[in-house]
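Numbering (the numbering used here), first residue to last: 6 to 229. Think of the CB as a built atom: it goes at the ideal place given N, C-alpha and C, for glycine as much as any other residue.
Next comes the structure, spelled out in structure tokens:
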């Protein structure tokens with residue numbers, strides 16, 4: 006029998022934050038909170054704008070958003086999922102205020118943390134953190150992690166890679182869906198839930214995933 010990693014949420018406690026749909030939250034909230042804070046404290050300066058923004062993201066009245074959104078993930082893997090996404094979020098907070106060329110350089114330094122052969126020893130707190138997380142993920146799951154790291158590397162390479170002023174949604178979406186992080190988030194979710202699908206199965210759900218990625222991209226734009 007497949008283990009259940011989540012428990013129901015009593016939505017009546019904070020009605021304004023939930024719809025009528027049932028909600029569940031991961032049982033290991035404390036471990037998820039610890040992983041979140043580890044990323045925040047390692048990748049931002051105490052008291053900085055990015056530090057405060059990170060804390061604000063997790064100040065909702067019922068539970069860590071990672072615990073709410075990923076209630077059926079393997080906790081051993083979810084901790085690293087959380088660290089990767091929190092790092093990306095922090096990096097986005099930082100680079101969105103940089104000049105385009107400087108943002109691209111920041112992403113290239115992070116990519117060095119994924120690939121030792123391209124490491125130019127430009128060490129930053131975020132890069133060192135990513136190196137440590139990557140090594141632990143490879144130890145935890147040496148079979149499936151390399152493909153995930155390739156997806157993450159591709160995301161960092163694509164992110165903010167164009168300064169083009171798109172004129173239509175048809176032109177914009179193929180750029181924005183990867184930019185919004187849908188591919189890397191979907192891959193992380195499958196990895197943390199131990200869902201392994203072959204190329205034929207992936208092709209079968211591609212249209213659904215692309216549509217969902219568009220919803221995510223536009224939602225991200227709306228709330229940015």
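- Here DSSP, grouped into helix, strand and coil, assigns residue 66 to coil.
- Between the C-alpha atoms of residue 115 and residue 178 there is a straight-line separation of about 25 Å.
- Annotation for residue 47: no beta strand (DSSP E) segment contains it, though the alpha helix (DSSP H) segment containing it runs 34-48.
- Beyond the five residues adjoining it in sequence on each side, residue 197 comes within less than 7 Å, by CB distance, of 75, 78, 79, 82, 83 and 86 in the same chain, given in chain order.
- Rounded to whole angstroms, residue 111 and residue 51 show a C-alpha spacing of 20 Å.
- Burial state of residue 141 is exposed, judged by a 10 Å Cβ sphere holding fewer than 16 other Cβ atoms.
- Shown here, residue 21 sits in a helix according to DSSP, grouped into three states.
- The DSSP assignment places complete alpha helix (DSSP H) segments of no fewer than 4 residues inside the segment 98-159 at 105-117 and 130-145, in order along the chain.
- A Cβ-Cβ distance of about 7 Å is found for the pair residue 158 and residue 120, placing them in contact under the 8 Å criterion.
- Checking the DSSP bridge columns, you'll see residue 27 has no partner listed.
- In its chain, beyond the 5 residues on either side, 85, 88 and 89 have a beta carbon closer than 7 Å to the beta carbon of residue 138.
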